[in-house]
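Numbering (our numbering), first residue to last: 1 to 608.
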């Protein structure tokens, strides 16, 4: 029996059908969405009471697995729309780096289906004048030259001006760990790393009088930055010059003024006489250079780990699995695709430009093409499911109750609003946990993500047993591709525009002794003029909000316009609007506002 659309007109002989469209004699017929059946063949469905819709509204689009089996006659054809054709024919996996979540097996954007491509209307570039500096493969003459360039580029950026004014201050160094473009690495520690060569006597001058290092550790006022992921990775060659990477350990203390300040910096992982611990009491140039090295290492990790891996790669991983395993009418396909489908195009563009030969990583960054696979593989091995779920991550890192962390406060509020929305959506389609367990497409989806994603000891669910597990996982995906991307992407130009705050490369090795540099010497460590300008122009392109951007939880798809779905969308939009209002009010009282997780500024997906 064939779907009527596939039958040849009566006047002609029966057609020869492609084998996938023939009903296999040995297999039971697949269950297809009722919308694909001939109307005459479809009796009214018998729905479980929990799935019945209130009389006042139209019935929701239910996933076939949730319909009463007896009510659905065996359908015999597929939905052959553009996205389904792409899903079946093109959504294959490709391994680019061993140990890193796999990507779509395509080479260019032109190979994407039309429903997966998009255009973006940029707000326009303001740093085009920097193109005049891209031929200068030489060091900056002095800090005055840097300041002149900054004056032209940063005069309209109040946050960048604040950075330029305070980048040397210890309190601002700590503030950036909490509220800068990379707030994902700092963590509370109750024990000192065994490879950090500090003693209690060494740190006593920087702790409250009458206290001790052990007491400060026990009471949770010591924090750690550890860039172990950079240890021993090959550095890039830029303009024919060898660049250098370090893997610092940095201790910070939450002082009595509620400021987070650095108190010890060791620039390499292995302790030894040629790897001194720098302290706030050291000569000013030594201490400043040590902090610059930490900021340079942080910039490399921010670009490849916090930004690319934890937002772009997550989005593509889940998008490919969704196209492969969840039919177009599956409720989670419909909910997720507005948040993840842009990941395919933007990542394909990144792999053929920014991350390719002659791209900005190759020509300007300290972490070049040889660094990419090593760093991404190490970071992937360390990524856990808990680290991607905001409430778990902030609790594990000891940041959930820090009033100074505006990132943490805002992230929790946005997560809670998204989670409430997802829970309500899941409840529309799954009345019991058993429904989750019996949804084979859902189970195949999470299996595909695990098979081609992070390591099996990362804590990702291997299957879904409850509605709560599904809701948490879907919230993680939406948050990563919207709010987290906003926090780590749209902030980066503000903090990097004053280049010494975020050096893109370092041209001298880390110092092995103290007392060997002056402030003028520091300029020799910093990247060349053309490297600086190439990266700044790239960051400006990435940080520009589009004229046609779609705000968080705003949808154009028809599924979101009907009764129940529309009500859920209106509820989450109201929650997000209230959060935006609170953040704007708070920021008006702050000398340095934190705007990056204001929902009105968050895009719905990774589109840049």
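Note that beta-carbon positions come from the ideal geometry of N, C-alpha and C, so glycine has one too.
Paired residues, beta bridge with residue i - DSSP
i           : result
residue 275 : 272
residue 308 : According to DSSP, residue 308 bridges with nothing at all.
residue 541 : Its beta-bridge partners do not exist; DSSP assigns none.
residue 506 : 244
Which of helix, strand or coil DSSP assigns to residue i
i           : result
residue 250 : strand
residue 159 : helix
residue 185 : coil
residue 93  : strand
residue 605 : coil
residue 104 : strand
residue 205 : helix
residue 303 : helix
residue 365 : coil
residue 512 : coil
residue 374 : helix
residue 349 : helix
residue 241 : strand
residue 327 : coil
residue 599 : helix
residue 551 : strand
residue 338 : helix
residue 297 : helix
residue 315 : helix
residue 139 : coil
residue 462 : coil
residue 320 : helix
residue 526 : coil
residue 594 : coil
residue 153 : helix
residue 456 : coil
residue 532 : helix
residue 290 : helix
residue 164 : helix
heavy atom of the ligand SAH below 7 Å from residue i C-beta
i           : result
residue 230 : Ligands displayed in this structure: none; no statement on the ligand SAH is therefore possible.
Range covered by the alpha helix (DSSP H) that runs through residue i
i           : result
residue 217 : 213-218
residue 487 : 485-489
residue 474 : 467-479
residue 563 : 563-587
residue 179 : 170-179
residue 452 : 440-452
residue 402 : It is not in any alpha helix (DSSP H) - residue 402 carries neither H nor E in the DSSP assignment.
residue 386 : 385-388
Continuous beta strand (DSSP E) stretch holding residue i: start and end
i           : result
residue 226 : 222-226
residue 409 : It is not in any beta strand (DSSP E) - residue 409 instead sits in the alpha helix (DSSP H) that spans 406-429.
residue 266 : 260-266
Nearest-angstrom beta carbon gap, residue j and residue i [assumed within contact, 8 Å]
i           : j           : result
residue 572 : residue 483 : Not a contact, Cβ separation roughly 13 Å.
residue 280 : residue 292 : With a Cβ gap of about 15 Å, residue 280 and residue 292 do not count as contacting.
residue 490 : residue 596 : 6 Å
residue 163 : residue 494 : 7 Å
residue 334 : residue 559 : 5 Å
residue 457 : residue 433 : Contact doesn't hold; Cβ gap of about 25 Å is too wide.
residue 453 : residue 183 : At roughly 24 Å, the Cβ-Cβ gap does not stay under 8 Å, so residue 453 and residue 183 are not in contact.
residue 610 : residue 344 : This structure cannot settle anything about residue 610, because the visible part of the chain is limited to 1 through 608.
residue 222 : residue 260 : Residue 222 to residue 260, Cβ: 10 Å. No contact.
residue 110 : residue 342 : Contact flag wrong, Cβ pair sits at about 16 Å.
CB contact below 8 Å: residue i versus chain B
i           : result
residue 419 : Considering every chain present, this structure includes no chain B. It has just one protein chain.
*Spell out a yes or no on whether the stretch 211-227 and the stretch 185-200 are touching, meaning 3 or more CB-CB pairs, one atom from each, closer than 8 Å.*
yes
*Counting pairs of Cβ atoms below 8 Å between the stretch 231-247 and the stretch 353-370, do you hit three or more?*
yes
*Is it a yes or a no for the stretch 169-178 touching the stretch 517-530, going by three-plus beta-carbon pairs under 8 Å?*
Taking a cut-off of 8 Å for Cβ pairs, the stretch 169-178 and the stretch 517-530 do not touch, as fewer than three such pairs fall below it.
*Does the stretch 497-512 come close enough to the stretch 321-340 to have 3 or more Cβ pairs within less than 8 Å?*
no
*asked:* Using 8 Å as the cut-off, can you tell me whether the stretch 541-551 makes contact with the stretch 369-376, which would need three or more C-beta pairs spanning the two stretches below that distance?
replied: no
_If contact is defined by three or more beta carbon pairs under 8 Å, each pair taking one atom from either stretch, is the stretch 499-508 in contact with the stretch 438-445?_
no
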